[in-house]
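Protein chains in written order, with this note's numbering: chain A, 302 to 914; chain B, 302 to 914.
C-beta atoms are modelled at their ideal positions from N, C-alpha and C, and glycine is treated no differently.
One structure is given here, and the rest of the page talks about it.
There are 2 protein chains.
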Amino acid sequence: MTPEPNSSSPIRDQLAALHREFSEIHDGTVATYIPELGKADPDWFGICVVTTNGGVYEVGDSRQEFTIQSLSKPFVYGLALEDHGRAEVLAKVGVEPTGDAFNSISLDPVTGCPRNPMINAGAIASTGLVEGHTADARIRRILEMFAHYAGRDLAIDEQVYVSESATGHRNRAIGHMLRNFGILTDDPMPVVETYFQQCSILGHCRDLATMAATLANRGVNPLTGQQAIRGEYVESVLGVMGTCGMYDYAGEWLYDVGMPAKSGVSGGVIAVLPGQLGIGVFSPRLDAKGNSVRGIRVCSALSRRWDLHLFNRPGIGRAAIRLRLNAAEFNSSRVRSPAESEVLREHGRAIQVFQLQGNFLFATAELIVRELTELTGLESLILDFRHVLSINESAAHLFHDILIRLHAAGVAVLFTGVENAASLRRLMRARLGARFEEIFRTFDDPDPALEWCEERLLARLLPEIPDVSIAVTQYALLDGLSREEVATVQSLFQRRTYEPGESIIRVGEPARELFFLSRGLVSVFLPLEGGAQKRLATFSPGMVFGEMAVLDRAPRSASITADTPVSCDLVSLPRLTALGVTHPKIKIRLLENLSLDLCRKLRKANREIALLV
Amino acid sequence: MTPEPNSSSPIRDQLAALHREFSEIHDGTVATYIPELGKADPDWFGICVVTTNGGVYEVGDSRQEFTIQSLSKPFVYGLALEDHGRAEVLAKVGVEPTGDAFNSISLDPVTGCPRNPMINAGAIASTGLVEGHTADARIRRILEMFAHYAGRDLAIDEQVYVSESATGHRNRAIGHMLRNFGILTDDPMPVVETYFQQCSILGHCRDLATMAATLANRGVNPLTGQQAIRGEYVESVLGVMGTCGMYDYAGEWLYDVGMPAKSGVSGGVIAVLPGQLGIGVFSPRLDAKGNSVRGIRVCSALSRRWDLHLFNRPGIGRAAIRLRLNAAEFNSSRVRSPAESEVLREHGRAIQVFQLQGNFLFATAELIVRELTELTGLESLILDFRHVLSINESAAHLFHDILIRLHAAGVAVLFTGVENAASLRRLMRARLGARFEEIFRTFDDPDPALEWCEERLLARLLPEIPDVSIAVTQYALLDGLSREEVATVQSLFQRRTYEPGESIIRVGEPARELFFLSRGLVSVFLPLEGGAQKRLATFSPGMVFGEMAVLDRAPRSASITADTPVSCDLVSLPRLTALGVTHPKIKIRLLENLSLDLCRKLRKANREIALLV
């Protein structure tokens, strides 16, 4: 009844419609400054969009290869940044746009620095900054980098390279000028050759979109998971693309399209929407400024139709908080006595749970910190990170700061689901030093964390229960029985004790007894695949367990283990059956008490579900 | 035990530390081109940050007023856009950066258009585009706009205005040049006077940050909720700020700070991080380019320390999906018979629930559409929008496209929580036309939506139950009783019928009977404050209700109403009590069946809670 998997998508359909629409445009001319480029079919036209979530949409000649030309510039600039850091690179290549054409020399008259890395002079200087003992080693590193960006090995078109090299006198002149100013420090000619090679790398539209999406995804190729450039340098690569990527069209481009972009003389265009997606377009006909005519039109149309303008962002709102709970309305799987339940209902607001989600940046962490700062009467706080995708440095700092404040005010702060939040853990360890273990309390699972907070609250508000066996009159199931009736039930009891960790009930065993818990704590576990187990409930003295299998005479459906030294009063199934015959009034009372208890628990569970959905 | 509300925040502390650090910088000089500006205390220094969530953090001289000067330019440009639209404004004022100083004339040699609205010529042209029959009307509209941006009325400093006007010969020359080229169409002198007035508007740091945050929040002041500029023009205002806002420092600014920004000669700087926050800094000492020295340093430091660079965004990941459920693991509050439960457990994956969250843009909707396109065996789909903050046009389009596809494939798509998703509803109505009512199925609440899907599945897989009273042997509570025992219970029954909508049990009534449902559907409601009520459960024939109050002899805690024509068999409390004496074995069996049923429901509820948390 559903569409086939991998069938066409509405997004691909939208792109196909755009492709049809813009196929009608025949303005512009194919670059011919080297003969090889002139061989391109002017009607080639491909579009591809790759999202940071790994969605790929391509139409038209999206697998037609062409030499990437100037599209290589931002990527090689990124490699130079990785090799030398921002300061050193900035000392050699500026970042100011020029009103000049792509092949202008545009060196600063005083320092000789190229104005930016997107003009040829800046690009050649960037290539010169790529580490490598030989020209061969340098181009190998460049090709390796492009393989990470594109997710496949890209080759050099030798014919185009030879043609570039044979006609590249202007670029050789630039190389010598750069050597003259000391921007290039060795023989500039091998660097210029490497530059010709990088321009002659063959890629197709899907490669372009993947490369752009890798920049959008902080340097991680969303299709392969490979890191193509360190995340910290992505903003610099996009920064120069933002102001210098479209030659002297930068202002209008950022105004109209609103994405960092780069075009190449062979007809390729890439555009990057940080965090979201990359676009690659290929159409060889160029306008007077050297940008692909259809490439610009497609990016502009997509920006408008898909609302991709970088400056047009909705407010982040409260989307960072998935759920806020407190222990007055939601509790751990520790089963509580009526007295305990009453205390939690009344004072549980002192325990707050913030379930966080998404990417934590300054502005998302700010909201959490502000809400926490404004809370009153807080005793324990659980910050649950299981649904958090990333935490940046500034957000981690804010979590540290609020932790310190709350800790100083006597609030226990528990972190759950931080196994994968390496940046948070690292910052906490660095900032908290010796107090790290004491202050940065972590729990794998929010359920025991919540129990810990509940216990803390109950310990403060309820008298301590001595760790001895309780009186039989304290069994909730015996409520309402006369002294004689209690004695009758007691005569059926068999006392059994367990060591901490000892198994009381195992999954699959036949049900032989009902258990009254007299001393200690027991937990119910469900075995999961792979040997792990999930806690379903924890019981404390006065409660009964093992009743379900007794009622339906089925094998045990969960395991029960002693958490502490445990004493139980067991009633065997035959004795329980006999009780219905000899003392039906008692049996009826037990069952009524049991039903009522189950009713109440079911109501609470349903209230909790309503809170969570 | 917790910090006082409104006590200092860690974010304010970080700003205070930054303020102390940069107070040490004494570079630069106060502008003196008009005498009034020269009166500023060079040591004034304020910082304010306002988030789109309404957080406000201010330190130093954040309430010291000063004239906003060039900071007025982007806002007035925005008003010109609102008055004339993008195309008409672009025909008169360009958007390309110039390498020239702020007061350069910079008109296009052919068209006479100012290069961009951030230089004086472009700003005066923008002021000329503000609608208003008189100069007075025009400045009133400008002041009204600023009041929306700042959240308070801003005044004009008359002394500064007079001083600007007395010395503004260059700007008058610009005015006449603009008139010469037909960019201004009337007497240019009143426009230049209005321009002097807008530059003389008094604001402080907190105003600047609020204005910046309003741009970050798509034109809605996050502190007052007032719309200061239509959302569609915000990207254009930020676009010119991005490339032209910091005079000839644009490339380095976008590279280093990565936020659209604007500075003014009196020492103010604003920076905007779209979707997140606005920054305002005030410090009158300027560098050679006319930008506040400390202003630039503060923005640069905040960008670095708080990771505010616009091009440095983490991938959006799967944050758009709050929860995915299916009816094999999670069900509506319709209580199911064992046979129905079994069918749902086995086939419930054909019913999928996507709980969405946050802002829906192209890239977030893409993920949902892709997952939906890849699903197989889907019969019904619930898209729950209750946690969605906004849906842009492109996302709404994608939801439309996927709806059409799934509908054509026979999948029922139900939308819940779309009351506030006006844009989605509007687009669906426009695109679906006459089929809108049929195809765009909406439910206020996901619970009845899920029930609807379950009913559809069960109708397909289970034989239809005729709408007649069932046989008493079909009451689940009587399972395991002999024919004679069933007859005994039956002798206690009193038949009662109800019309649809008729009340069966009211909150607060004493519990007098246990109800066996023989025909029809009944729902349990909890009254909420304000007269509304929440459905807790719906029962179908064969089930029992009203047992809890019978067990604990307390007044009814919820209301029960007939959804359809209903027949019930009632057992009064006295008869039920008597049954324990006359036929204890039957009573025990009833209670065992009840306990077992409650046990199973409790387990299912606990499994659902574990899914949801």
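For P561 (chain B), the residues of chain A that pass the 9 Å Cβ criterion are F612, in the order they occur in the chain.
A check of alpha carbon separations from F367 (chain B) across B:D342, B:M478, B:L408 and B:P767 identifies B:D342 as the nearest. According to the DSSP assignment, A551 (chain A) belongs to no beta strand (DSSP E) but to the alpha helix (DSSP H) extending over A551 to D557. Within the same chain, Cβ atoms closer than 7 Å to the Cβ of I692 (chain B) are found at F661, A722, S724 and L725, the five residues on either side in sequence being excluded.
Judged by their CB atoms, G386 (chain B) and D588 (chain B) are not nearer to each other than the 7 Å cut-off. Within the model, the alpha-carbon separation for R625 (chain A) versus A760 (chain A) is close to 24 Å. With its beta carbon at least 7 Å from every one in chain A, A640 (chain B) lies outside the interface.
In this structure, the beta-carbon distance from Y378 (chain B) to S427 (chain B) falls below 7 Å.
No Cβ-Cβ contact shorter than 7 Å links G821 (chain B) with T774 (chain B). Excluding the 5 residues flanking it on each side, D780 (chain B) has same chain C-beta neighbours closer than 7 Å at N894, in chain order. According to DSSP, T839 (chain A) shares a beta bridge with A:R635 and A:S824. Following the DSSP letters along the chain, one finds A562 (chain A) inside the beta strand (DSSP E) bounded by residues A562 to S564. For G361 (chain A), DSSP records a beta bridge to A:G347. Counted as a single uninterrupted DSSP element, the alpha helix (DSSP H) harbouring Q499 (chain A) occupies residues P489 to C500. Annotated three-state conformation of T743 (chain A) is strand, per DSSP.
Distance from the CA of L673 (chain B) to the CA of S695 (chain B), rounded to the nearest whole angstrom, comes to 17 Å. Listed in chain order, the non-local C-beta contacts of V566 (chain A) below 8 Å within the same chain comprise A332, Y334, L338, Q370, S371, F403, L587 and G591, local neighbours out to five positions each way being set aside. For N481 (chain A), the enclosing alpha helix (DSSP H) has its first and last residue at H470 to N481.
Contact check for R313 (chain B) and Y358 (chain B): beta-carbon distance about 5 Å, within the 8 Å limit, so the pair qualifies. The Cβ of T883 (chain A) sits no closer than 7 Å to any Cβ of chain B. Counting along the chain, no beta strand (DSSP E) covers Y378 (chain B); the unbroken alpha helix (DSSP H) around it starts and ends at S373 to L391. DSSP lists B:G504 as the beta-bridge partner residues of F367 (chain B).
Around the CB of G579 (chain B), 16 or more other CB atoms lie within 10 Å, so the residue is classed as buried. If you draw a 10 Å sphere on the C-beta of Q498 (chain A), you find 16 or more other C-beta atoms in it, and that means buried. For M849 (chain B), a Cβ of chain A is located within less than 7 Å of the residue's own Cβ. Under the DSSP assignment, R908 (chain B) falls in the alpha helix (DSSP H) whose first and last residues are P885 to L913. Below 8 Å, too few C-beta pairs join the stretch 553-568 of chain B and the stretch 405-417 of chain B to call them touching: fewer than three. Comparing C-alpha distances from L704 (chain A) to each of A:R732, A:V689 and A:E720 shows the shortest one belongs to A:R732. The shortest CA-to-CA distance from S804 (chain B) to any of B:L391, B:A859 and B:F376 is the one to B:A859. From the listed residues B:L699, B:H648, B:P398 and B:Q658, the smallest Cα separation to T677 (chain B) is found for B:H648.
A straight line joining the alpha-carbon of L715 (chain A) with that of V914 (chain B) spans about 16 Å. For the C-beta of N417 (chain B), the chain A residues within less than 8 Å are, from N- to C-terminus, G552. In chain order, F663 and S695 make up the part of chain B whose C-beta sits under 7 Å from the C-beta of W607 (chain A). Within 7 Å of the CB of D853 (chain A), the CB atoms of chain B belong to L897, in sequence order along the chain. For V431 (chain A), the CB contacts under 8 Å within the same chain, skipping 5 residues up- and downstream, are V377, L380, A381, D384, R439, R442, I443 and T495 in chain order. Straight-line spacing of the CA atoms in A510 (chain A) and G596 (chain A) works out to 13 Å.
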